[in-house]
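Counting with this note's numbering, you get residues 90 to 272 for the letters of the sequence shown. Report on the following structure.
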Amino acid sequence: MTWQDYLKYFEEILKAENPSEPYNDEEYYQYAKLNLSRSNRWLKHNPLSQESINIIKNIKEKQHWELITEPWCGDAAHIVPIVYLLSAENPNIQLNIQLRDNGSEIDKYLTNGSKSIPILIVRDAAGKDLFHWGPRPASAKKIYEDLKKVNGSYEEIKVAHQNFYNQDKAREIQEEITALLKN
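Quick look at the structure:
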């Protein structure tokens, strides 16, 4: 689906009288609601650095960016809008969004055996994988791993990740993706 289709899907979930699974579960519904708000905040403030924009604009060959995600995913609320903003800087980049739980390619891109999202797959015009990235920047991965080692609660992990994303202002996401694009 396109970026616009993804946003429409998000809005349909939130407008539905009887949302489909998993959004018929109040927790998932609230995650989606919060994540749309967070995504819109990133879109409004557009934190792309000039360096990232320059690297993206230098892409001369067509690329297909496949982004596997779900509206309920907390990391996606911070990463998906940044990937969209990056892709929008160059007409050679075609962004397609796949829903993880609806026929996506996630089984080919597992993280430590799990279907962690979001995952960005960058392919050349012939469909060959150039690289894949995700499900979160290195610092957020470290936060997750450190808290898991000490049996941190899900709530502690959520708060720590939110604090990281707020303080980092999408810098690390951009740096990691653009570093892979330069290779």
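Backbone N, C-alpha and C fix where the C-beta goes; we use that ideal spot for every residue, glycine too.
Query: Beta carbon of Leu156 nearer than 7 Å to that of Pro207; Result: yes
Query: Ile148 beta carbon less than 7 Å from that of Asn181; Result: yes
Query: Residue ranges of each alpha helix (DSSP H) within the stretch 101-168, 4 or longer; Result: 115-134, 139-146
Query: Selected residue, minimal CA-CA separation from Asn191, among Pro160, Leu103, Ile168, Tyr173; Result: Pro160
Query: Contacting residues, own chain, Cβ-Cβ under 8 Å from Glu265 (five flanking each side not counted); Result: Trp222, Pro226, Ala227
Query: Whether Leu184 touches Trp92 by CB criterion (7 Å); Result: yes
Query: Residues near Ile186 in its chain [Cβ-Cβ closer than 6 Å; skip 5 each side]; Result: Met90, Tyr95, Leu156
Query: At least 3 beta-carbon pairs within less than 8 Å: the stretch 131-145 vs the stretch 106-114; Result: no
Query: Arg212 vs His153 beta-carbon contact at 7 Å; Result: yes
Query: Three-state secondary structure (DSSP) of Arg212; Result: strand
Query: Gln251 versus Ile232, Gly241, Lys238, residue with shortest Cα-Cα distance; Result: Ile232
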